[in-house]
Each structure stands twice: as C-alpha cells, then as structure tokens.
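Residue numbers (the numbering used here), protein chains in the order written: chain A, 1 to 353; chain B, 1001 to 1353.
Think of the CB as a built atom: it goes at the ideal place given N, C-alpha and C, for glycine as much as any other residue.
Owing to the predicted nature of the structure, the values given are computational and were not obtained by experimental measurement.
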DNA sequence: TCGGTTTACTGAATCGGTTTACTGAATCGG
DNA sequence: CCGATTCAGTAAACCGATTCAGTAAACCGA
C-alpha cells in the first residue's frame, strides 16, 4: 500500500510524532540531524501524507465545494470554474463539484454530499446572473455566491456589473455618433426555477435596460419606445426582433442586443434587409461569446462577462472567510467593452438633435 | 458542532457500533425496536455521517478525480464534466477537480493533490481528441482516459469516432448529389504539448481526412487534391481556405470543414464571392458547437462530438474498475450527424462521373 | 439442570495522521 | 555539586467513523 507516516518515522528511527512535526515545519525543538533523517527517509520512501487522515484530525479538508446550477447548457461555466480552480490550487485547496438542477430533492442531496465531505466552504454558482434564495443548509458553512446574489445581500457574492457594461456599450455607440439606437432585450419569463429560485426578473435585463435609458437621457436623446423590444434570447429571437426594428423608414442606425446570440440573429435580419454591418447598421452584443463574436462577419463588438475574474474573486473570498469571518460583501465586477468591427459611425446621422 | 454517530448512539441508548450497523443496513442481528430507536434518534438529531472518517476507515473515498488539461478554452469541458458528474452522482460519488496546463511541474502537483485525497479513480480528460502519454503516478490507481487514449491502448479510454463521423458527413453530401466536395482540414502543429504529450498528429485530423478520401473512392469519385487544403482551425483560417477553394471556375459544390469555426469562416468567404448557402454551396462542419451552428445563417449541418456520452461512459468505466479489474478497453463513441439547413443538392451537378 | 447455541449487543482496535502533556538527559547558575 | 531549566523527543489521546472478537442473557434439548 501507500507509505505511511509511521513508515517514515521507523526508517528515520524516530516517533511518528516527531516525523509529523518535521514534515509540517513545526520542528522548533528538533535537532537538525534528526530533521535531516526524517526528510531523507520521507524522500527515499516517496512519502505523501494521506489528506483524509489529516483532514479528519485537523477539521479542515482544504476542499471547497463548487455548486452550480447547470454546467452543460452554457459555456460560461468553464471560465468560472477555471478562475476558482486557479486560486484554489495556488492555496493548496481542491474543488469538489456538485450540480443542482430543477429537481429540488436531488439538489438538496447534492449539496449534502458536499457538506458530508466536510468542505471548508462552498461556492454557489449560477449560470445566469440571478437573485437567489440561499439554501438553508448553507448558512452553517462559509459560502460565496458566484454570478448570483441573495435577495437581502446577506451573503458574500460577486455578480457582473451589467449596468456599467451596458453603459459602456451605449456610450460607445453614442460616441460614434449614433442617436437612434435600438435595444433588443431579453424576454424574461419561463426560466425554470429550481432549488435556487428567481425572486424577481433577471437583473441583467433590468440593469441593461436602465443603462440604455440613462445613457440616452444623459445625451439629451428623446426616448422612443418603438426602438425597444423584447424577445427570447436566442438567434431566432434576435432575428425576429431586429427585423421588426429595422424594417421601417425611421430605422435605428445601431442596435444594442441583450446577448451575442441575439446579435447574431440581428446580423441575419440586417442582411436580409440589405443592410451592411457596420456601414448601415452598428451592432453591439453582450457576453463576449468568442465562439460567436469571431464566427460572424464582421466580428462582433460586445461586452465581456468577466466569468474568469468572478471565479477568482469568489474563491479568494471563500478562502479569506476561513480565517476571518468578514462582513458579507457584494462585488460588482466590471464588464469591459470588447471592440471588434461591428460598430462604425452612422451613414446618415439622424437629425433629431 | 456537527452531530456525530456517538451522539445518535447515546440518544438511542446503544453503542456506536450498533448505531453504525443500523445506519448502514447491516443490522442483521439487531432487534426491530432497537433499530427504530436508532433511526428515530438519527432523524431527530439530523445526523449526517462524516464522509472523511468513513473514507479513512473504509479506504474508499467515493470520490473520483477529474483531471483535465484546460477547462477554459473550450466549451466542451462542460458536457464532459456533466456527463461524468451525472453518473457519479447516481452512484453516490463526487468529482474532485484538478487541471493541468503546459507547466509540467504544476501539473504533477495537481495530480498529486488528487491522489493525496485518496480518490478512488481518476478520469483524465483532454479538450481535444489526443493520444497521450499516461502520467506515471496514474499507473497505481484505476484510470480512464476521456477524449484521449494512450499510445499503446493499455488504459481504458473513450474517444470520439472521428472516422465514422466524418464518413457520415461525407456520405450525406454524396447522397445529396455532390461530386466535387472540398475538404478544409486542420493545419496540425503548434499544439503546445504539456505534461500530456502529443505523440503523433491529432487523430481527429487524420481520421477525418481518411474518411473523406474513403467515401469519395467508394463512390468512384476521382481524387482531386486541389480540393483539399489545410488551415488554422479558426474562422479566419476557414475563410482564407474556403476563398482559395471557391474562387475558381471548377469550384466544389460542397465543403466539408474540420470544425464549426472554420465553417463559419467558409460562410463569410461564400458570401463575399456571392455564393448562397445552401443553393450554391453546401457546407458541413464538425463539433456541433450549438452556439455557432445556430448563430450563422443558414443554421449549420454538422457532426456532433459526443462529449456528454463520453463523460458518462468514462465515469461508468471508472466505477466498474473499482470492483472488477477488467481488461482495458478503448471505446470509440459515435458522432451523429446533426442536420440543419446548410446542405442541399448541388445547383449544377458536376459532370465528372 | 446443565452444556451448548443463538441472539443482541458492546469494547476496543483501526484507518493515518496531529497535538498535547509529559519525561529523561543535558545544561546551567550559584 | 545540586536543583531548576532547557532540550529533544515520545506516549497517548484524538478526529469520527467501521468492524471484529467477545460476552451476557436467553433459549433449547435431553
């Protein structure tokens, strides 16, 4: 079997207590030559401590539970996990995965599987920016919400700053000279709840809409509600919505889309109407789904969701929660604008200013 | 703190040995009323066994290590993890994550972190179908390769059946009446090795090329090497390669692309040349990156990489390896053709048959 | 009534470490 | 030269379960 501490101790001719202290750097009162003997023996035998035994005694598993609500449907998960992973690794922690789905019972079970394994903390990630109800079982152990926050902000959380991201996108369009800017928002609804429950409409949609209006107002552009619409957040939804917005004389010169998939749909609509991007129509998306943004022509200017950074931050917080019990804080992570080639000054600047 | 088994035992007025047996269903020789007392006590106290202690004693952590070589860069990871997760969950196993990168030293360290935690088996996943050298540390514990296989097939592994997938794509094109079919393959090279080392050129590229030629030959279509080209596997590579293939009088009526990103590039090339898809040009991709396939117009017919199924299969194998030690086997998972709208019969059937 | 089984449980060892309290020897101050 | 420290290290308890060997009581047949 595996080499045990006692094997090392025997070889070095010391007690396992001594060997333990040496290998853990608590060798304050151990003679240098003894330390050497232990070190040499450990090396010779290729000793690796049994983390289970260590955790049991020290009541610290050096493991963080990562609970997420649907790994497969979005490619976002990877970035969040990687960010968390990266930080965990640097601190000698490992990530224990569990995923919850719409089945309440199964979800509780998954969470308990994590807790039973004595994870030191859990990171609770959602695939879309959400406001969730924190599972009761989580209140005992340190928890960080990732891409979600609790309704009362009583749990440390990190979410994308959708408002600022949308603001940047809109400011960019306005700076390019656009005055008539359409907004295709997500049609909220039929998000299946799950053990994690939406309490209000998705923050992303409301924040981006707010930013859309605020930027226009700030620049003295009159509100025109016919320029705003909602649709399912997929390419088809985007195409249909964009067609409605664009197929008229006073069409907007730019479109701000809820996400890149809808933006891709808007591209299709524009082409069918004979509108060239960016000459006749500028488009900005959201998410920076590189797969889409680089696959469509021209490459899409969009706003990045900082999944990697959020993952990192969440793990950093989780780890600090282990020593200090800090006040819960909610971090809004910036969403930088990623400029590609779908935005240009309008061909025929509208004259409403 | 947490409720321990001894707390339950005390409440039920039995020894912890008895409580243990009752709760583990080995209560063969325990009186029904005693069983009840224990059950009631456990329920009342909300007892949950400490998995660490249990694992230490039973020498089984009920945890599988999931080692992967780069979670973030591709959206494939999610599906593989989810598949593995799903099966693990069903059997009461959890997934412990680790990722390796190009840094050998760091990678060894990650793997050891898994092994130290006494994972019962390890699934070693790569983001691209590869032939890898299995890390020496893995030879002791059960291991399954996911989306990769070892050079000598001495380790159980599951890979996509790239040959059959490409065959299906080509047969589909031929069945639609195409005789002049272009093939844009991946330009192998500058794949950074890593602790996991490529030994030959990527299997996906060679298998798909083989299938391309075999299908043509099978249908008596003469080989025309000017219809085949290679490029970096991104949209730009696809666009450049497709332009070269299409911008000539005897252009192919269909294009088989190494992946969906290149196919998207081919769309761009076609449009610039005034070719309508699928009327003037049929296109088939590979990967079934839904994000791309549904975002471009028309939706892309492509071949699916069965990541979810491979993830499931790998975990199933890993779990069976725990009880029986079966012969290593290598499974080639089918890659189904996903028909969308980018394929149609050729406009002007070529006359070379 | 008595030896032998069964029944229904318990004590204690164990997994592989960590940590505390303690001890024998060396050292030191006076 | 003696009692008090310091030094270097060890025995044993402990983390929270599982499990084997053992035992007291009940039961059983002759």
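- Chain B places no beta carbon closer than 8 Å to that of residue 277(A), leaving this residue out of the contacts.
- Rounded to the nearest angstrom, the gap between the Cα atoms of residue 1045(B) and residue 1023(B) is 14 Å.
- By the CB criterion at 8 Å, residue 337(A) and residue 172(A) fall inside the cutoff.
- Per DSSP, residue 1016(B) lies in no beta strand (DSSP E); the unbroken alpha helix (DSSP H) holding it starts and ends at 1016 to 1023.
- Residue 184(A) is bridged by DSSP to 229(A) and 257(A).
- Residue 80(A): member of the alpha helix (DSSP H) spanning 76 to 90, first to last residue.
- At a cut-off of 8 Å between C-beta atoms, residue 1187(B) does not count as an interface residue with respect to chain A.
- For the pair residue 1064(B) and residue 1315(B), the CB atoms are nearer than the 8 Å cut-off.
- Sequence-ordered contacts of the segment 1035 to 1053 of chain B with chain A read 1048, 1049, 1050, 1051, 1052 and 1053 [C-beta pairs closer than 7 Å].
- In the DSSP annotation of this structure, the continuous segment of the alpha helix (DSSP H) that includes residue 54(A) starts and ends at 51 to 58.
- By the Cβ rule, the segment 338 to 348 of chain A does not count as touching the segment 202 to 215 of chain A, because fewer than three pairs are nearer than 8 Å.
- Those residues of the segment 110 to 144 of chain A placed with their C-beta closer than 8 Å to a C-beta in chain B are 110, 112, 113, 114, 115, 116, 117 and 118, ordered along the chain.
- Taking all protein chains shown into account, residue 1304(B) has 16 or more neighbouring C-beta atoms within 10 Å of its C-beta and is therefore buried.
- Judged by beta-carbon spacing, residue 11(A) lies within the 8 Å limit of residue 41(A), meaning their Cβ atoms are closer than that value.
- By the 16-neighbour rule on beta-carbons within 10 angstroms, residue 92(A) is exposed.
- Within the same chain, 1003 and 1008 come within 6 Å of residue 1047(B) by CB-CB distance, once the 5 residues on both sides are set aside.
- The residue among 1322(B), 1140(B), 1186(B) and 1058(B) with its C-alpha nearest the C-alpha of residue 1286(B) is 1186(B).
- Contacts with chain B at 8 Å (Cβ-Cβ) include residue 289(A).
- When DSSP states are grouped into helix, strand and coil, residue 1109(B) belongs to the helix group.
- The Cβ of residue 1055(B) sits closer than 8 Å to at least one Cβ of chain A.
- With a threshold of 8 Å between beta carbons, residue 268(A) makes contact with chain B.
- For residue 172(A), the enclosing alpha helix (DSSP H) stretches over residues 162 to 175.
- For residue 1178(B), no alpha helix (DSSP H) encloses it, and the DSSP letter there is neither H nor E.
- Residue 1304(B) is outside the set of residues whose beta carbon lies under 8 Å from a beta carbon in chain A.
- Approximately 6 Å separates the beta-carbon atoms of residue 169(A) and residue 256(A); this is inside 8 Å, confirming the contact.
- For residue 1135(B) and residue 1143(B), the gap between their C-alpha atoms comes out near 10 Å.
- In the three-state reduction of the DSSP assignment, residue 1128(B) falls in the strand class, which pools E and B.
- Against chain A, the beta carbon of residue 1295(B) has neighbours under 7 Å at 235, 261, 264, 292, 295 and 296, listed in chain order.
- Here the C-alpha atom of residue 16(A) lies approximately 43 Å from the C-alpha atom of residue 1077(B).
- Put simply, the backbone Cα of residue 1082(B) is about 10 Å away from that of residue 1310(B).
- Per DSSP, the unbroken alpha helix (DSSP H) holding residue 11(A) starts and ends at 5 to 12.
- In the displayed model, residue 1310(B) falls within a helix according to three-state DSSP.
- Per DSSP, residue 1034(B) is not a residue of any beta strand (DSSP E); the alpha helix (DSSP H) it occupies stretches across 1032 to 1045.
- Judged by their CB atoms, residue 211(A) and residue 266(A) are not nearer to each other than the 8 Å cut-off.
- Residue pairing by DSSP leaves residue 1(A) without any beta bridge partner.
- Scanning chain A for C-beta atoms nearer than 8 Å to the C-beta of residue 1094(B) yields 96, 97, 98, 113, 114 and 117, reported in chain order.
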